[in-house]
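Comments concern the structure below.
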Amino acid sequence: MHKGVLLITGASSGIGAATARAASREGYKLVLAARSNDKLTALAQELGPENVLTCEMDVTNMEQQHAMVEQALETFGRLDAVFANAGQGGSPGGFSSADHATWREMILTNIYGVGLMLTGP
Ligand SMILES: NC(=O)c1ccc[n+]([C@@H]2O[C@H](COP(=O)([O-])OP(=O)(O)OC[C@H]3O[C@@H](n4cnc5c(N)ncnc54)[C@H](OP(=O)(O)O)[C@@H]3O)[C@@H](O)[C@H]2O)c1
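Residue numbers (this note's numbering): 2 to 122.
Right, dumping it as structure tokens:
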């Protein structure tokens, strides 16, 4: 019996991928989302594809967020927890040395993207 279904955004690297590995060891089924499908597919192969749904998506896109949740429910029948982890850290010089396009991407990803996740279908 699995422990539940956990959806992780930003699962293709860093903290999200590490959380996916830890949750897999604990017996969770996983929905792994990010823009880099190749990295998600490799992680799913590592963890056991039968327990993982990968979803190539951008958290700033509402339609893609809704489709992800619908696909997760179709695949596993339930969603128990969400880790809204996808985010942009900005530029190496920090927020004040970044240009406007970088600020926009950070704000859309880190704030708007999480808001869409919280208010999903
Ligand atoms: N590491 C730290 O010290 C630290 C400190 C404070 C806060 N944080 C926050 O913690 C989170 C994880 O950090 P990390 O160090 O693991 O960063 P990371 O390795 O850069 O991982 C960020 C993840 O977010 C995904 N992502 C970025 N933009 C996305 C978008 N528009 N749509 C979907 N996925 C997107 C990336 O995947 P794709 O590029 O494949 O989409 C990647 O999987 C981030 O939100 C970061 O800002 C980290």
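We treat Cβ as the ideally placed atom computed from N, Cα and C, and that holds for glycine. If you're wondering where the values come from, they're calculated on a predicted model, not measured in any experiment.
- The C-beta distance from Gly11 to Ala35 rounds to 6 Å, short enough to fall under 8 Å.
- Counting along the chain, no alpha helix (DSSP H) covers Glu57; the unbroken beta strand (DSSP E) around it starts and ends at Val53 to Glu57.
- The criterion of a C-beta distance shorter than 8 Å is not satisfied by Ala21 and Leu8.
- Selection Asp81, Met58 and Gly28 evaluated against Asp39 yields Met58 as nearest (Cα-Cα).
- By the Cβ-count criterion, Leu119 is exposed, with fewer than 16 other Cβ atoms from all chains shown falling within 10 Å of its own Cβ.
- Our two residues, Met69 and Cys56, have alpha carbons roughly 6 Å apart in a direct line.
- In this structure Ser97 is exposed. Its beta-carbon is surrounded by fewer than 16 other beta-carbon atoms within 10 angstroms.
- The alpha-carbon separation between Thr103 and His67 amounts to approximately 25 Å.
- Non-local beta-carbon contacts of Glu27 in its own chain, meaning distances under 7 Å to residues more than five positions away in sequence, involve Lys4 in chain order.
- Using a Cβ distance threshold of 8 Å, Glu64 and Pro122 do not count as a contacting pair.
- DSSP links Ala19 through a beta bridge to no other residue.
- For Asn86, same chain residues with a beta-carbon under 8 Å away, outside a window of 5 residues either side, are Ile9, Thr10, Gly11, Ala12, Ile16, Gly17 and Thr20 in chain order.
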